[in-house]
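Numbering-wise (this note's numbering), the sequence shown opens with residue 33 and increments by one.
Here a beta-carbon is modelled for each residue, glycine too, at the ideal position from N, C-alpha and C.
Okay, structure first, notes after.
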Amino acid sequence: MRSSTSPARVALLTAALEPPRPKAKHRLAVRDAAGYKALQAAEQRCFREMLQGLKAAGANFLMCQWGFDDEANHLLLAEQLPAVRWVGGAELELLAVATGGRIVPRISELSSSKLGTAAAIKEVPAGTMGDKMIVVE
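Below you can see the structure in the form of structure tokens.
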């Protein structure tokens with residue numbers, strides 16, 4: 033993550049950045065390298081659509097209540113979109129109040145009017161053990 037984002041347009045998300053899971057109980061059998069590559073391509077497409085939704089809304093920082101898949105984490109880094117995962121529900125609500133943003137359950141529902149704004153979001157050292165803290169100004 034960059035040490036500072038200024039000015040910040042923050043997306044507050046309660047969904048995980050992971051490929052969607054099937055609703056019914058299905059089995060997926062990958063029998064060869066071509067099948068694996070097709071599955072990987074489908075996941076890549078899914079993640080790219082998620083990132084496109086974030087960028088289309090104008091977000092330049094993401095606060096997410098749940099985790100990220102490794103591939104999503106890699107693509108966020110490649111797109112230089114700083115993100116924080118595992119933000120608690122209470123903290124997400126406080127961020128919504130502080131930034132004027134709305135908490136969104138799905139990326140498809142994200143729009144520029146639902147983004148929060150902050151003068152800056154910084155990563156600063158905290159304490160003597162080298163811990164880091166994120167400050168929203």
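Looking only at its own chain, which residues have a Cβ that is under 6 angstroms from the Cβ of Ile-139, when we skip the five neighbours before and after it? Met-82, Gly-85
Go through its chain and collect everything with a Cβ distance to Pro-137's Cβ below 7 angstroms, but skip five positions before and after it. Thr-46, Ala-47
N- and C-terminal bounds of the alpha helix (DSSP H) containing Val-168: Counting along the chain, Val-168 falls outside any alpha helix (DSSP H), though it belongs to the beta strand (DSSP E) covering 163 to 168.
Buried or exposed by the 16-neighbour rule on C-beta atoms within 10 Å, applied to Ala-74: exposed
Taking 7 angstroms as the cut-off, decide whether the C-beta atoms of Leu-147 and Ala-91 are in contact. yes
Where does Ala-74 sit, in a helix, a strand or coil, going by DSSP? helix
Return helix, strand or coil for Glu-103, following the three-state DSSP convention. helix
Tell me whether Val-42 is buried or exposed, calling it buried when 16 or more other Cβ atoms sit within 10 Å of its Cβ. buried
Per-residue DSSP class, three states only, for Lys-122: The displayed chain sequence assigns Ala, not Lys, to residue 122. Helix.
Across which residues does DSSP place Val-149 in a beta bridge pair? A quick correction: the sequence has Thr, not Val, at residue 149. Thr-149 pairs with Arg-41.
Spell out the partners DSSP gives Lys-55 in its beta bridges. The partner list for Lys-55 (beta bridge, DSSP) is empty, contrary to what the question assumes.
Comparing the CB of Gly-67 with every heavy atom of the ligand SAH, is any distance shorter than 6 angstroms? By its list of ligands, the structure shown contains no ligand whatsoever, and the ligand SAH lies outside what it can speak to.
Quick one: residues in its chain with C-beta nearer than 8 angstroms to the C-beta of Cys-78, no 5 flanking neighbours on either side, listed in chain order? Pro-51, Pro-52
State the Cα-Cα distance for the pair Ala-130 and Ala-61, rounded to the nearest angstrom. 47 angstroms
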